[in-house]
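Down below is the structure, laid out as C-alpha coordinates.
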Amino acid sequence: MSESGPSSSSTLPPQSSLPTGPNVDQKPSVLVLGMAGSGKTTSDKMNVDIRDTVKYKEVMKEFGMGPNGAIMTCLNLMCTRFDKVIELINKRSDDFSVCLLDTPGQIEAFTWSASGSIITDSLASSHPTVVMYIVDSARATNPTTFMSNMLYACSILYRTKLPFIVVFNKSDIVKPTFALKWMQDFERFDEALEDTRSSYMNDLSLCVSSATGEGFDDVMTAIAESVEAYKKEYVPMYEKVLADKRQMDEVEKKKKEEEAQKGKLVHDFKKPTGDEDDDLNTKVDRIHLGGVDEENDEDAELERH
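When you read off a place in the sequence shown, starting at 1, and then add 1369, the result is the number in the numbering used here.
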(Lines of atoms letter the chains of each structure in order from A and count residues from 1; the text may use other names and numbers.)
(Lines give C-alpha, C1' and ligand atoms only; values in the text may rest on other atoms or scores of the structure.)
Protein backbone atom coordinates (compact mmCIF):
# COMPACT_ATOMS: atom_id res chain seq x y z
CA MET A 1 0.00 0.00 0.00
CA SER A 2 1.57 3.23 -1.12
CA GLU A 3 0.48 6.69 -2.12
CA SER A 4 2.76 9.50 -3.25
CA GLY A 5 2.37 13.25 -3.14
CA PRO A 6 3.27 16.23 -0.94
CA SER A 7 1.87 16.29 2.59
CA SER A 8 -0.62 19.13 2.95
CA SER A 9 -0.94 18.77 6.73
CA SER A 10 2.76 18.63 7.57
CA THR A 11 5.02 21.51 8.47
CA LEU A 12 7.23 22.89 5.72
CA PRO A 13 10.99 23.13 6.28
CA PRO A 14 12.67 26.51 6.71
CA GLN A 15 12.77 28.60 3.53
CA SER A 16 16.58 28.53 3.49
CA SER A 17 16.59 24.72 3.30
CA LEU A 18 13.91 24.40 0.59
CA PRO A 19 15.47 23.03 -2.62
CA THR A 20 14.39 24.23 -6.05
CA GLY A 21 12.84 20.80 -6.69
CA PRO A 22 13.41 17.13 -5.91
CA ASN A 23 16.20 15.41 -7.80
CA VAL A 24 14.42 12.22 -8.86
CA ASP A 25 17.65 10.68 -10.15
CA GLN A 26 19.41 10.85 -6.78
CA LYS A 27 19.87 7.83 -4.52
CA PRO A 28 16.85 7.26 -2.24
CA SER A 29 16.62 7.90 1.48
CA VAL A 30 14.72 5.44 3.68
CA LEU A 31 13.18 6.60 6.96
CA VAL A 32 13.15 3.58 9.27
CA LEU A 33 10.26 3.67 11.76
CA GLY A 34 9.07 1.10 14.26
CA MET A 35 8.02 0.44 17.81
CA ALA A 36 10.70 0.06 20.48
CA GLY A 37 11.97 -3.51 20.42
CA SER A 38 11.04 -4.17 16.81
CA GLY A 39 14.73 -4.63 15.97
CA LYS A 40 15.08 -1.70 13.60
CA THR A 41 18.42 -0.47 14.97
CA THR A 42 21.29 -1.37 12.65
CA SER A 43 24.69 -2.60 13.77
CA ASP A 44 26.37 -0.63 10.98
CA LYS A 45 28.34 2.48 11.83
CA MET A 46 26.45 5.72 11.25
CA ASN A 47 27.95 8.52 9.19
CA VAL A 48 25.87 11.11 11.05
CA ASP A 49 24.72 10.56 14.63
CA ILE A 50 22.43 13.07 16.33
CA ARG A 51 24.17 12.23 19.62
CA ASP A 52 27.35 13.76 18.24
CA THR A 53 25.54 17.05 17.71
CA VAL A 54 23.08 17.22 20.61
CA LYS A 55 23.88 15.87 24.07
CA TYR A 56 20.70 14.17 25.28
CA LYS A 57 21.55 14.10 28.99
CA GLU A 58 22.76 17.71 28.90
CA VAL A 59 19.39 18.73 27.45
CA MET A 60 17.60 16.95 30.31
CA LYS A 61 19.86 18.64 32.85
CA GLU A 62 19.83 22.10 31.27
CA PHE A 63 16.08 22.36 30.70
CA GLY A 64 14.90 20.11 33.54
CA MET A 65 13.11 17.73 31.17
CA GLY A 66 12.12 14.10 31.27
CA PRO A 67 13.21 11.51 28.66
CA ASN A 68 10.43 12.17 26.13
CA GLY A 69 10.67 15.94 26.44
CA ALA A 70 14.43 15.76 25.95
CA ILE A 71 13.99 13.63 22.81
CA MET A 72 11.57 16.19 21.36
CA THR A 73 13.96 19.04 22.18
CA CYS A 74 16.92 17.18 20.63
CA LEU A 75 14.91 16.66 17.45
CA ASN A 76 13.99 20.35 17.39
CA LEU A 77 17.63 21.36 17.81
CA MET A 78 18.74 18.90 15.14
CA CYS A 79 16.02 20.18 12.84
CA THR A 80 17.58 23.65 12.82
CA ARG A 81 20.69 22.18 11.19
CA PHE A 82 19.14 19.46 9.07
CA ASP A 83 19.96 21.38 5.90
CA LYS A 84 23.60 20.42 6.59
CA VAL A 85 22.57 16.75 6.67
CA ILE A 86 20.85 17.07 3.30
CA GLU A 87 23.93 18.79 1.88
CA LEU A 88 26.06 15.86 3.11
CA ILE A 89 23.64 13.33 1.59
CA ASN A 90 23.75 15.13 -1.75
CA LYS A 91 27.53 15.39 -1.62
CA ARG A 92 28.07 11.70 -0.79
CA SER A 93 25.33 10.29 -3.03
CA ASP A 94 27.89 8.58 -5.29
CA ASP A 95 29.23 6.56 -2.34
CA PHE A 96 26.04 4.70 -1.39
CA SER A 97 23.01 3.01 -2.94
CA VAL A 98 20.52 3.76 -0.15
CA CYS A 99 20.66 6.29 2.70
CA LEU A 100 19.12 4.88 5.91
CA LEU A 101 17.80 7.26 8.56
CA ASP A 102 17.04 5.56 11.87
CA THR A 103 14.46 7.22 14.12
CA PRO A 104 13.80 7.06 17.89
CA GLY A 105 12.10 4.01 19.36
CA GLN A 106 9.63 6.45 20.90
CA ILE A 107 7.94 6.49 17.52
CA GLU A 108 5.37 9.17 18.35
CA ALA A 109 8.18 11.64 19.15
CA PHE A 110 9.13 11.60 15.47
CA THR A 111 5.92 10.84 13.58
CA TRP A 112 3.65 13.30 15.42
CA SER A 113 6.05 16.19 16.05
CA ALA A 114 6.71 19.31 14.00
CA SER A 115 10.43 18.48 13.84
CA GLY A 116 9.66 15.00 12.46
CA SER A 117 7.47 16.53 9.77
CA ILE A 118 10.16 19.08 8.88
CA ILE A 119 12.81 16.36 8.56
CA THR A 120 10.50 14.14 6.48
CA ASP A 121 9.40 16.96 4.15
CA SER A 122 12.97 18.25 3.80
CA LEU A 123 14.07 14.84 2.55
CA ALA A 124 11.02 14.31 0.33
CA SER A 125 11.39 17.74 -1.30
CA SER A 126 15.06 17.06 -2.06
CA HIS A 127 15.22 13.51 -3.43
CA PRO A 128 13.31 10.18 -3.49
CA THR A 129 12.21 9.26 0.05
CA VAL A 130 10.61 6.05 1.31
CA VAL A 131 9.13 5.20 4.72
CA MET A 132 9.90 1.72 6.08
CA TYR A 133 7.82 0.52 9.03
CA ILE A 134 9.35 -2.38 11.00
CA VAL A 135 7.04 -4.87 12.75
CA ASP A 136 8.14 -7.42 15.37
CA SER A 137 6.89 -10.73 13.92
CA ALA A 138 7.02 -12.51 17.28
CA ARG A 139 4.68 -9.99 18.92
CA ALA A 140 2.46 -9.66 15.86
CA THR A 141 1.30 -13.27 16.24
CA ASN A 142 -1.34 -11.83 18.56
CA PRO A 143 -4.15 -10.59 16.26
CA THR A 144 -4.80 -7.54 18.45
CA THR A 145 -1.12 -6.50 18.37
CA PHE A 146 -1.02 -7.15 14.63
CA MET A 147 -4.02 -4.89 14.03
CA SER A 148 -2.52 -2.18 16.27
CA ASN A 149 0.63 -2.19 14.13
CA MET A 150 -1.38 -2.04 10.92
CA LEU A 151 -3.45 0.90 12.19
CA TYR A 152 -0.30 2.73 13.24
CA ALA A 153 1.27 2.02 9.85
CA CYS A 154 -1.82 3.38 8.08
CA SER A 155 -1.79 6.55 10.18
CA ILE A 156 1.86 7.19 9.24
CA LEU A 157 1.13 6.42 5.58
CA TYR A 158 -1.69 8.96 5.32
CA ARG A 159 0.23 11.53 7.33
CA THR A 160 3.39 11.45 5.20
CA LYS A 161 1.77 10.37 1.88
CA LEU A 162 5.12 8.85 0.92
CA PRO A 163 5.80 5.41 -0.58
CA PHE A 164 5.42 3.00 2.33
CA ILE A 165 6.92 -0.44 3.02
CA VAL A 166 5.93 -2.72 5.91
CA VAL A 167 8.74 -5.08 6.94
CA PHE A 168 8.14 -8.00 9.31
CA ASN A 169 11.39 -8.44 11.24
CA LYS A 170 12.74 -11.44 13.22
CA SER A 171 11.54 -13.96 10.64
CA ASP A 172 14.22 -16.33 11.99
CA ILE A 173 12.17 -16.58 15.20
CA VAL A 174 8.64 -16.60 13.75
CA LYS A 175 7.85 -16.97 10.07
CA PRO A 176 5.53 -14.04 9.25
CA THR A 177 3.50 -16.01 6.70
CA PHE A 178 0.54 -15.71 9.06
CA ALA A 179 0.66 -11.92 8.73
CA LEU A 180 0.63 -12.05 4.94
CA LYS A 181 -2.39 -14.38 5.03
CA TRP A 182 -4.21 -12.09 7.46
CA MET A 183 -3.54 -9.07 5.24
CA GLN A 184 -4.80 -10.86 2.13
CA ASP A 185 -7.74 -12.75 3.64
CA PHE A 186 -9.90 -11.03 6.26
CA GLU A 187 -11.78 -14.23 7.09
CA ARG A 188 -8.56 -15.88 8.24
CA PHE A 189 -7.80 -12.90 10.43
CA ASP A 190 -11.33 -12.99 11.84
CA GLU A 191 -10.91 -16.68 12.69
CA ALA A 192 -7.64 -15.93 14.50
CA LEU A 193 -9.32 -13.06 16.33
CA GLU A 194 -12.02 -15.39 17.68
CA ASP A 195 -9.52 -16.88 20.17
CA THR A 196 -8.77 -13.46 21.65
CA ARG A 197 -12.16 -11.84 21.14
CA SER A 198 -13.20 -12.19 24.80
CA SER A 199 -10.15 -10.32 26.10
CA TYR A 200 -10.50 -7.83 23.26
CA MET A 201 -14.12 -7.11 24.16
CA ASN A 202 -13.08 -6.46 27.76
CA ASP A 203 -10.91 -3.60 26.51
CA LEU A 204 -13.85 -1.77 24.91
CA SER A 205 -14.96 1.47 26.58
CA LEU A 206 -18.22 1.86 28.46
CA CYS A 207 -20.64 4.78 28.34
CA VAL A 208 -21.43 6.61 31.60
CA SER A 209 -22.98 9.88 32.75
CA SER A 210 -21.60 11.62 35.82
CA ALA A 211 -24.77 13.73 36.03
CA THR A 212 -27.38 10.96 36.01
CA GLY A 213 -25.23 8.02 37.11
CA GLU A 214 -26.20 6.11 33.99
CA GLY A 215 -23.81 3.30 33.11
CA PHE A 216 -22.01 3.05 36.47
CA ASP A 217 -23.60 -0.33 37.16
CA ASP A 218 -22.05 -1.53 33.91
CA VAL A 219 -18.69 -0.16 35.05
CA MET A 220 -18.87 -2.07 38.34
CA THR A 221 -19.87 -5.21 36.45
CA ALA A 222 -16.96 -4.73 34.05
CA ILE A 223 -14.58 -4.26 36.99
CA ALA A 224 -15.81 -7.49 38.58
CA GLU A 225 -15.40 -9.35 35.28
CA SER A 226 -11.93 -7.86 34.85
CA VAL A 227 -10.96 -9.08 38.32
CA GLU A 228 -12.03 -12.59 37.34
CA ALA A 229 -10.06 -12.27 34.10
CA TYR A 230 -7.07 -11.10 36.16
CA LYS A 231 -7.32 -14.20 38.36
CA LYS A 232 -7.82 -16.50 35.39
CA GLU A 233 -5.27 -15.09 32.95
CA TYR A 234 -2.74 -12.84 34.69
CA VAL A 235 -2.17 -14.67 37.99
CA PRO A 236 -1.23 -18.03 36.38
CA MET A 237 1.12 -16.22 34.03
CA TYR A 238 2.67 -14.29 36.93
CA GLU A 239 3.03 -17.44 39.03
CA LYS A 240 4.76 -19.16 36.12
CA VAL A 241 7.20 -16.26 35.85
CA LEU A 242 7.90 -16.49 39.59
CA ALA A 243 8.35 -20.27 39.38
CA ASP A 244 10.77 -19.89 36.48
CA LYS A 245 12.68 -17.25 38.44
CA ARG A 246 12.87 -19.48 41.53
CA GLN A 247 14.13 -22.33 39.39
CA MET A 248 16.78 -20.10 37.83
CA ASP A 249 17.78 -18.86 41.29
CA GLU A 250 18.11 -22.45 42.54
CA VAL A 251 20.26 -23.38 39.56
CA GLU A 252 22.41 -20.29 40.10
CA LYS A 253 22.70 -21.01 43.82
CA LYS A 254 23.70 -24.62 43.18
CA LYS A 255 26.23 -23.48 40.62
CA LYS A 256 27.78 -21.03 43.08
CA GLU A 257 27.92 -23.72 45.79
CA GLU A 258 29.69 -26.10 43.41
CA GLU A 259 32.16 -23.40 42.44
CA ALA A 260 32.76 -22.60 46.11
CA GLN A 261 33.31 -26.31 46.88
CA LYS A 262 35.78 -26.60 44.00
CA GLY A 263 37.58 -23.55 45.30
CA LYS A 264 37.79 -25.10 48.77
CA LEU A 265 39.20 -28.35 47.38
CA VAL A 266 41.84 -26.45 45.44
CA HIS A 267 42.69 -24.46 48.56
CA ASP A 268 43.04 -27.64 50.67
CA PHE A 269 45.17 -29.33 48.06
CA LYS A 270 48.21 -27.14 48.62
CA LYS A 271 51.82 -28.19 49.01
CA PRO A 272 52.70 -28.58 52.70
CA THR A 273 55.61 -26.52 54.03
CA GLY A 274 57.52 -26.16 57.30
CA ASP A 275 56.11 -28.14 60.20
CA GLU A 276 53.59 -29.78 57.90
CA ASP A 277 56.39 -31.91 56.40
CA ASP A 278 56.77 -33.93 59.63
CA ASP A 279 53.04 -34.55 59.79
CA LEU A 280 53.04 -35.61 56.13
CA ASN A 281 55.92 -38.04 56.73
CA THR A 282 54.05 -39.55 59.67
CA LYS A 283 51.00 -40.10 57.47
CA VAL A 284 53.15 -41.63 54.73
CA ASP A 285 54.71 -44.06 57.22
CA ARG A 286 51.26 -45.36 58.06
CA ILE A 287 50.58 -46.25 54.45
CA HIS A 288 51.27 -49.92 53.68
CA LEU A 289 54.12 -50.15 51.18
CA GLY A 290 54.52 -53.94 51.12
CA GLY A 291 53.57 -56.46 48.48
CA VAL A 292 50.51 -58.67 48.12
CA ASP A 293 51.71 -61.31 50.61
CA GLU A 294 52.29 -58.79 53.36
CA GLU A 295 48.88 -57.28 52.64
CA ASN A 296 47.20 -60.69 52.90
CA ASP A 297 48.91 -61.33 56.25
CA GLU A 298 47.62 -58.04 57.59
CA ASP A 299 44.11 -58.82 56.37
CA ALA A 300 44.25 -62.21 58.14
CA GLU A 301 44.95 -60.51 61.46
CA LEU A 302 41.82 -58.33 61.18
CA GLU A 303 38.88 -59.31 63.39
CA ARG A 304 35.85 -60.51 61.46
CA HIS A 305 32.37 -59.62 62.64
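The beta carbon of each residue, even a glycine, is placed where N, CA and C say it ideally should be.
Identify every run of the beta strand (DSSP E) within the stretch 1389-1432, keeping only runs that are complete inside it and at least 3 residues long; order them along the chain. 1398-1403, all fully within the stretch 1389-1432.
Buried or exposed: residue 1490, going by 16 or more other Cβ atoms within 10 Å of its Cβ? By the 16-neighbour rule on beta-carbons within 10 angstroms, residue 1490 is buried.
Taking the alpha-carbon positions, what's the residue 1502 to residue 1598 distance? Each residue's alpha carbon lies about 33 Å from the other.
Residue range of the unbroken alpha helix (DSSP H) whose run includes residue 1452: For residue 1452, the uninterrupted alpha helix (DSSP H) run begins and ends at 1451-1460, by DSSP.
Got a sec? Which residues, its chain only, sit under 7 Å from residue 1600 by beta carbon, not counting five neighbours each side? The answer is none, since no qualifying residue turns up.
As an exercise, report each continuous alpha helix (DSSP H) stretch of at least 4 residues that is fully enclosed by the stretch 1484-1564, in chain order. With a minimum length of 4 residues, the continuous alpha helix (DSSP H) runs that stay inside the stretch 1484-1564 are 1512-1529, 1546-1553 and 1555-1563.
Proximity below 7 Å, CB of residue 1531 to CB of residue 1500: For the 7 Å CB-CB criterion, residue 1531 and residue 1500 form a contact.
In three-state terms, what does DSSP make of residue 1469? Correct three-state label for residue 1469: strand.
Look at the Cβ atom of residue 1579, then the Cβ atom of residue 1505, and state whether they are nearer than 7 Å. No, the Cβ-Cβ distance between residue 1579 and residue 1505 is not below 7 Å.
In chain order, what residues of the same chain lie with their CB nearer than 8 Å to the CB of residue 1415, ignoring the 5 residues before and after it? Result list for residue 1415: 1471, in chain order.
Are at least three pairs of beta-carbons, each pair with one atom in the stretch 1394-1407 and one in the stretch 1458-1472, less than 8 Å apart? Contact holds between the stretch 1394-1407 and the stretch 1458-1472, because three or more Cβ pairs, one in each stretch, are under 8 Å apart.
C-alpha distance - residue 1542 paired with residue 1552, whole-angstrom precision: Spanning the two alpha carbons is a distance of roughly 20 Å.
Alpha carbon to alpha carbon, what distance is there between residue 1518 and residue 1418? So the alpha carbons of these two residues sit roughly 27 Å apart.
Taking a contact to mean a Cβ-Cβ separation below 7 Å, would you say residue 1405 touches residue 1441 in this structure? Taking 7 Å as the Cβ cut-off, residue 1405 and residue 1441 do not qualify as a contacting pair.
Where do the N-terminal and C-terminal ends of the alpha helix (DSSP H) with residue 1595 fall, by residue? Note, residue 1595: alpha helix (DSSP H), 1585-1598.
So the alpha helix (DSSP H) residue 1576 belongs to, where does it begin and stop? Element bounds for residue 1576: n/a, residue is neither H nor E.
For the candidate residues 1393, 1403 and 1391, whose alpha-carbon lies nearest to that of residue 1536? It is 1403 whose Cα lies nearest to the Cα of residue 1536.
Whole-angstrom Cβ separation of residue 1482 and residue 1444, contact assumed at under 8 Å? Their Cβ separation, rounded to whole angstroms, is 6 Å, which keeps residue 1482 and residue 1444 in contact under 8 Å.
Using only CA atoms, which one of 1604, 1554 and 1559 lies nearest to residue 1512? For residue 1512, the closest of 1604, 1554 and 1559 by C-alpha to C-alpha distance is 1559.
7 Å Cβ cutoff met for residue 1586 and residue 1575: Not in contact: residue 1586 and residue 1575 (Cβ atoms no closer than 7 Å).
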